[in-house]
Structures are given as structure tokens and as C-alpha cells.
Amino acid sequence: MTPPTPHDVQEAITRAHREEWARVVAALTRRFGALDTAEEAAAEAFATAVERWPADGVPPNPGGWLTTTAHRKAIDRIRREAKRDAKQQEAQLSYHAPPEPPEPTGPIDDERLRLVFTCCHPALAMEARVALTLRLVGGLTVAEIAHAFLVQENTVGQRITRAKAKIKAAGIPYRVPSAAQLPERVSGVLAVLYLVFNEGYLASGPGTDPVRSDLTAEAIRLTRLTRALLPEDGEVAGLLALMLLTEARRPARLSPSGELVTLGEQDRAAWDRALIAEGHQLVRERLATGKPAGRYQVLAAINAVHTSARSLDETDWSQVVALYDLLLRLDPSPVVALNRAVAVAELDGPAVGLATVDRLAAPLAGYHAYHATRADLLRRLSRTQEARTAYDTAITLTTNPAEADHLTRRRDELPREDDR
Amino acid sequence: MQYLLSVIHDSAEFGTAEEMAAIDVFNERLQAEGHWVFAGGLGTTDTATVVDNRGSAALVTDGPFVETKEYLVGFWIIEAPDLDVALALAADGSKACHRKIEVRPFL
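Written out as C-alpha cells, the structure is:
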């Protein structure tokens, strides 16, 4: 056998980390009943792989090797702690024996699903759910999560530690919820994944990259995993389609100078056709079931209409408005009403759109997109002075630098008042 | 596990006859399903007295230890296998007594 090249080994470790991390953590959590032990032992097993695989070669079943190694690490850890607190730990060891390594096949998929539901439990704060999911299911390091969300590493570390302590002390179960609770709990999981995706897609905060493809890719990967675990769930499919159809437009979304490019101005040839095809396929599959669509499925359908059109003018706006009407019934929020108004403006003209937008002034006064939308409609109606004011407000309120650049250019392109 | 379900009073209205009846139904269910450990209603904070005997003599003060708009008016102590079961029971308890409920595990 020829020895593997360092590059092959590195690739095998990266692949194993991507494919096996959640499985290893889930199997160990099941076995030892503690997320702490599982996380630390999984991390140790991967560190051992980094040490040993270059010399020993990549094992034929990397997942099995990692699970077995992590298992031994967990036992070692419990034994070490046992020396510190002999009586208590002895009880724990005998309780959890025998320590046979489980095979990473079959029903272990359910264990990953348990892990997802535990990490996304509604009794945890949203930011804790996000950090825990990225760490325990996604396998991101604390440093990577901190970097992605622009917070201090020890803040992320504390969030994860506190969440794990609450899971243990409050008795948050390591279990797939009952059928009665499932739809609500799935929607909680999807909210976490969508938040990760959106943080990547429209990153906030000064000095950040306007699009964080590491986060969007991780969100898509975790949503694919959730879909594999819950293949019948329409909203999981809907969210995956929504992410794919959004991600497909990413190459066209920023100009070379880093400015946000709106849908109408995007170079549609730069869109990712493979992602669009996959997203459209998912939307068609859901339509074919004839079951009523939830929020994510409707959002995916709206994106499917956009990504089917060769240009902004060729978009089937009446279809978009009809889908937004449907979405408003599912989610009667002013932000949805604002997006509907944008489609109305394309269908019935900017004056009708503006009248619709203006009715949302009270709930959306502090929302940058409300002012950006008004600014654009006022510009198209040649109400220059009002457009300028609206652009100024939107620029003040936005936290995304690429969007601020776009709005600033639009404002500066307005005709000067004394030219009129 | 055992959980404390604290009933938080946060309005000017006090319990109605319908609420009392709904609470009775909920209590009977807790007993029938084996969740019941103990429960009780409390007097208002006007009836509270604070005792502090950490110093040389017991200091007795009229009133609650801290004046707040929200305060504890009652509680259940329940037995439940995990937090999901405890939260589901708390949801039904909240509906029955028409107040919000804080769920905390006993150590």
C-alpha cells in the first residue's frame, strides 16, 4: 500500500470532520448522557486523528474509528475525574457500562436528530441555540463562531457553557419531540438555521464582510442534514429551497467594489444555475404534494418566481403578489407587507406601491428597508427632495456596509434640486 | 425530576371563580397522572413579613423584601421526567390560573 500524501490525509480529516462530527457527538451524548463529555471527547478524537492518520494512514471506516476513539477518550476522562471524586464517578461508570463503541449506521441518524432538537430547545436563549447548534452539530470551534458573529470568544464560550449547564440542570431532554410538539419544535430548529443563514447573507456590523459565505454554507449544510433526517417535512424542504435560491444569487449580489446590487440590477448570467435547479426541484416537489404550504415554502416559491425570470421586467409580478398575499395570511407582519408592496409597485406602478408602503409608517419607522423602499419609489415618482430625505434615513439605519454604499450611490445620483 | 412552577401575579385583577374551578380541574389531573407533589396559594405581599437574624438579634420588618409589580401568588411542585413534560404542564397550568408561570428545576 502506498503511504497517503499529507494532502490526502488532510482532505480525509476535513471530510470526516464535516460528515462525522455530529454523529460522534450524538452517539457519545446518548451513551454518556452529558453533552460536555461528548463534545470534549469528540474534539480529542479529531485531534488524535490529526496526530495519527498521517503516520498510520486513514482508517477504512473513519467514522467508526473516530467514534471508538472518542469513546475511549470519554472513558479516560471519566476515570481521571473518578480519581478526584472516586465515589460519585464509580457510580457513573457502572451506570453507563458497558462501553461498546456503536456503529455509525442506521438508527444513529435519530441520535443526530435528538442532538439538533436539544441544541435548538425553546427553553434556551436564541443566541445560545445558535452557538450550541454550530458547535455541537456543525462542529465549528468556539473561535470560528465568535469570528462569524463578531463577538468575543469568551462570550461564545460562556453561552455554550451556560446552555449546557441549563440542559443538564433543568432536564432538557435528549429526544425527538412527540408528534404533537413536533411541528412547533421543527419550526424552532428552522428559525435557528435561518438566522445563521441570514447572518451570513446580510451580515451586520461595521468592518464585516457584507456576505459571509462560510455562514451561508454552514446553514445550508445543516439544513440539508435536517432534511435528510426529516424528509417528509414540507417546511424543512421549503427552507432548504429558500436558502439555495437565495445563495444562487450571491455571485451577482455584490459589485466588484463591494456595493450591494439590487435584484433589478443584478447580472442574472452570474447566478448559480445548479443551485437554482435544485431549489426549483424542491419547490416543485412540495407543490406536487398538494399539501398547504407553510411560510418557508411560500418564501421559496416567491424566490422560484424571481429566479425563473430572465429579467426584472419579465418577472411574473402578479404571481409574486399572489404569493405575498398567501404569506401575509401565514405571517401578518409589517415586514412581509412591505415586501408585498414592493411587488405591488412593479405590478401596478410606483404610486400604488408608495400608497401601500406609507400605510406601514407606524410599525416600520425604525426599519432601514422601509425607508430604502420609500426612497426608491419616491425617486421613480421624481419626488426628489422626499427621496433624498428617505435615503438619508435609510443610510443612517442600515448596519450593512454594502447596503449603505448602494443607498449612498442612489442618493448621490438623484438630480440636483436646482436642475429642476 | 421535581420542578417548581411559580405562579407570577402581574395585574390588578385577582382570581375569579372560574379560575379557581379551572385550577381544581388541573390539580385533579396532576394527581391522577402522578405529577402532583404539592401546591399552594399565597397571601398578597401586604401580608408579608421579613425576618433577618444574621446579626446579633432577629430584625423583623413589615412588607416584602423587595417591592415589585410582579410577585409570587402561588406555586406547584410537580414530578416530571424532563423539562418538556414540565413545560407542557406549566402551559396548561398557566391557562387554568390565567397567569404566567416560571418553571425551575430542584437541584
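Sequences listed follow chains S and U, in order.
Quick note on my numbering: the first sequence kicks off at 1 and runs consecutively.
Quick note on my numbering: the second sequence kicks off at 1001 and runs consecutively.
Note that beta-carbon positions come from the ideal geometry of N, C-alpha and C, so glycine has one too.
If you're wondering where the values come from, they're calculated on a predicted model, not measured in any experiment.
Taken through DSSP and simplified to helix, strand or coil, residue 1076 of chain U comes out as strand. Between the C-alpha atoms of residue 368 of chain S and residue 84 of chain S there is a straight-line separation of about 56 Å.
For residue 1092 of chain U, no chain S residue has a Cβ inside 9 Å of its Cβ, as the nearest lies near 13 Å away. Take residue 1010 of chain U, set aside five residues on each side of it, and the residues of its chain with a beta-carbon closer than 6 Å to its own are 1070, in chain order.
Chain order gives no chain S residues near residue 1030 of chain U, where near means a beta carbon separation below 9 Å; the closest approach is about 17 Å.
Distance from the CA atom of residue 415 of chain S to the CA atom of residue 159 of chain S, rounded to whole angstroms, is 50 Å. Interface with chain U (7 Å Cβ-Cβ cutoff): residue 173 of chain S is included.
Bridge pairing for residue 1061 of chain U: U:1050 [DSSP].
Listed in chain order, the non-local C-beta contacts of residue 286 of chain S below 7 Å within the same chain comprise 234, 237, 238, 293 and 297, local neighbours out to five positions each way being set aside. At least one CB atom of chain S sits nearer than 7 Å to the CB of residue 1083 of chain U. Taking 7 Å as the cut-off, the beta carbon of residue 191 of chain S is found no closer than this to the beta carbon of residue 242 of chain S.
Listed along chain S, the residues sitting closer than 9 Å to residue 1087 of chain U by beta-carbon distance are 122 and 123. Residue-level contact by beta carbon holds for residue 169 of chain S and chain U, with a gap shorter than 7 Å.
Secondary structure within the stretch 193-275 of chain S: the alpha helix (DSSP H) runs of 4 or more consecutive residues, fully enclosed, are 213-229, 234-247 and 250-253 (chain order). By the 16-neighbour rule on beta-carbons within 10 angstroms, residue 69 of chain S is buried. Counting the other Cβ atoms within 10 Å of the Cβ of residue 295 of chain S gives 16 or more, which makes it buried.
Bridge pairing for residue 39 of chain S: absent [DSSP]. Looking at the DSSP output, residue 355 of chain S shares a beta bridge with no other residue. At least one beta carbon of chain S lies nearer than 7 Å to the beta carbon of residue 1001 of chain U. DSSP places residue 59 of chain S outside both helix and strand once states are collapsed to three, so it counts as coil.
Taking residue 1019 of chain U as the centre and dropping the five residues before and after it, the same chain places the C-beta of 1096, 1097 and 1098 closer than 8 Å to its C-beta, in chain order.
Within the same chain, and ignoring the five residues on either side of residue 388 of chain S in sequence, the residues whose Cβ sits closer than 7 Å to its Cβ are 411 and 414. Distance check between residue 321 of chain S and each of S:24, S:345 and S:188 places S:345 closest, using alpha-carbon atoms only. Look at the stretch 141-167 of chain S and you find these whole runs of alpha helix (DSSP H), each 4 residues long or longer: 142-148. The C-beta of residue 1064 of chain U comes no closer than 7 Å to any C-beta of chain S. Measuring C-alpha to C-alpha distances from residue 221 of chain S to each of S:232, S:148, S:193 and S:115 identifies S:193 as the nearest. Within chain U, no residue has its CB atom less than 9 Å from the CB of residue 54 of chain S, the nearest being about 43 Å off. The DSSP-derived three-state label of residue 1039 of chain U is strand. Secondary structure at residue 83 of chain S: helix, using DSSP grouped into helix, strand and coil. Between residue 185 of chain S and residue 177 of chain S, the C-beta spacing is below 7 Å.
By the criterion of a C-beta distance shorter than 8 Å, residue 162 of chain S is surrounded in its chain by 128, once the five residues flanking it on both sides are discounted. The stretch 368-387 of chain S and the stretch 275-291 of chain S do not touch, with fewer than 3 CB-CB distances between them shorter than 8 Å. Residue S:116 holds the alpha-carbon nearest to the alpha-carbon of residue 189 of chain S among S:116, S:215 and S:231. In this structure, the straight-line span from the alpha carbon of residue 28 of chain S to that of residue 6 of chain S is close to 29 Å.
Looking at the DSSP output, residue 1009 of chain U shares a beta bridge with U:1071. The beta carbon of residue 1006 of chain U sits closer than 6 Å to the beta carbons of 1072, 1075 and 1102 from its chain, once the five residues preceding and following it are set aside; these are given in chain order.
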